[in-house]
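Chemist:
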Ligand SMILES: [Zn+2]
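Numbering (my numbering), first residue to last: 1 to 458.
1. Please state whether the Cβ-Cβ distance between residue 378 and residue 437 is less than 8 Å.
2. For the region 23 to 63, list the alpha helix (DSSP H) runs that are entirely contained and at least 4 residues long, ordered along the chain.
3. Check whether the Cβ of residue 172 lies closer than 7 Å to any heavy atom of ligand 1, and answer yes or no.
4. Please confirm if the region 359 to 373 is in contact with the region 306 to 316, defined as three or more CB-CB distances below 8 Å between the two stretches.
5. In its own chain, which residues sit with a C-beta less than 7 Å from the C-beta of residue 328, not counting the 5 before and 5 after it?
6. State yes or no: is the C-beta of residue 337 within less than 8 Å of the C-beta of residue 20?
7. Compare the Cα-Cα distances from residue 285 to each of 318, 276, 259 and report the closest residue.
8. For residue 405, does the three-state DSSP call read helix, strand or coil?
9. For chain E, is any of its Cβ atoms less than 8 Å away from the one on residue 285?
10. Taking one C-beta from the region 393 to 403 and one from the region 426 to 435 each time, how about it: are there three or more such pairs within less than 8 Å?
11. Measure the alpha-carbon distance for residue 91 versus residue 82 and round it to whole angstroms.
12. Beta carbon of residue 116, beta carbon of residue 89: below 8 Å?
13. Using the beta-carbon count (16 or more within 10 Å), is residue 98 buried or exposed?
14. Just reading off the alpha helix (DSSP H) that residue 203 is part of, what are its end residues?
15. With a threshold of 7 Å (Cβ to nearest heavy atom), would residue 240 be considered close to ligand 1?
16. Evaluate contact between the region 379 to 391 and the region 228 to 248, counting only Cβ atoms and requiring at least three cross-stretch pairs below 8 Å.
17. Just confirm the distance between the C-beta atoms of residue 211 and residue 180, as a whole number of angstroms; I'd bet it's less than 8 Å.
18. Restricting to Cα atoms, I'd like to know which of 197, 135, 260 is closest to residue 9.
19. Taking 7 Å as the limit, tell me which residues put their C-beta closer than that to any heavy atom of ligand 1, in chain order.
20. Using the C-alpha atoms, what's the distance from residue 53 back to residue 1?
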């Protein structure tokens, strides 16, 4: 960002990362075609979903996947409800129970958490793909990495840790300790890199100097990886973390527990995330309404759909991620051929204001872009009840002002006017003192339900 990127020309998997993308997709199509017949025998879910389809489809390219139905989160949910003694993971459990060596859970931020199974080969597949993301994001053998996700069972827990060890970095799993201990141990152990959610990286950035001073030790930290929630695409958030932690190496990463916990990572350009899981997962961009394939092209928008063609225990084919992305670029100075994206929101988060779709993230991004010097980067939209999607009156929005109370009063009106003119959305802003809204160490919800949350709203 502030410094000119220096491209290293180093790759985790040079062949797949630099092969023309159309060739990568052709190779993946072949792997998927070879996998499908056995998958339908092993998984009752796919026997049902693919009933009546050709036994061994000829897949010349990923476009051929359009003949297969999508898999929805509700399909996985229903499959998990069919759990039995032999199939504790439900009827998409495609291997015998004795072959399963690990369970991982989705975070459950949108409904009841789902749980996935891994065989020893799956663990290996995940570690390689995640290592590829960490390598793209600049982690190397010799780095000492503070892993700050505190929950081992979530996708960002043990699988991320395995990825760091696979790269050859030194894993320091400090997530879960009190912040003082994290900062102290990071300095004592000469930690050079950290991985945290965007919220926790911000939280740490705000306290870094104060707590660090007490340790009497200098910081060795020079690299930050954000994972587990979006936000690092936001220049204001990036700037805040860079200034607080005094570094410029800041890389966004992203994955999905339902498919593979980390699949996308930013390279030296720090301008959108490359797809790094090409060895085991195929990705499509589709129109979220009609489901038609959207070609990878600069500026294209769509929903990410994944096929995990090397996942044995709980595989997914054409899985609708509900993550909406915008393509930042299809060529990159780093030499990688995979598209680069930023996530613009999730289907689950989408609100409807007077018949028009609006992502809470778009509201947050606009507020931080325009008023980032006057408000805290934590803000939230308030719903009346959990299932509320439609707003026919102004959408309640809570922000924290970094200014004196007198100036804060004017701020509400300015934010409301900005969002009305830029997003055609009316919001009703409540300005709160800094530190009023709850900060989590894992993920901060951008949308909360009135009365069901700690914090300010009655
Ligand atoms: Zn790149």
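Here a beta-carbon is modelled for each residue, glycine too, at the ideal position from N, C-alpha and C.
Modeler: According to the data block:
1. Closer than 8 Å, so yes.
2. Listed in chain order, they are 44 to 49.
3. no
4. No: fewer than three Cβ pairs fall under 8 Å.
5. Annotation for residue 328: 271, 272, 340, 341, 342 place their beta carbon closer than 7 Å to its own, counting only its chain and skipping 5 residues before and after.
6. yes
7. 318
8. helix
9. The displayed structure is made up of one protein chain only, and chain E is not part of it.
10. Yes, they touch.
11. When rounded, the distance between both Cα atoms is 6 Å.
12. yes
13. So residue 98 ends up on the exposed side.
14. 198 to 215
15. no
16. no
17. 6 Å
18. 135
19. 267, 268, 269, 274, 332, 333, 334, 336, 340
20. Summary for residue 1: the model assigns pLDDT 46, below 50, so the residue's position carries little reliability, and this model does not support an answer.
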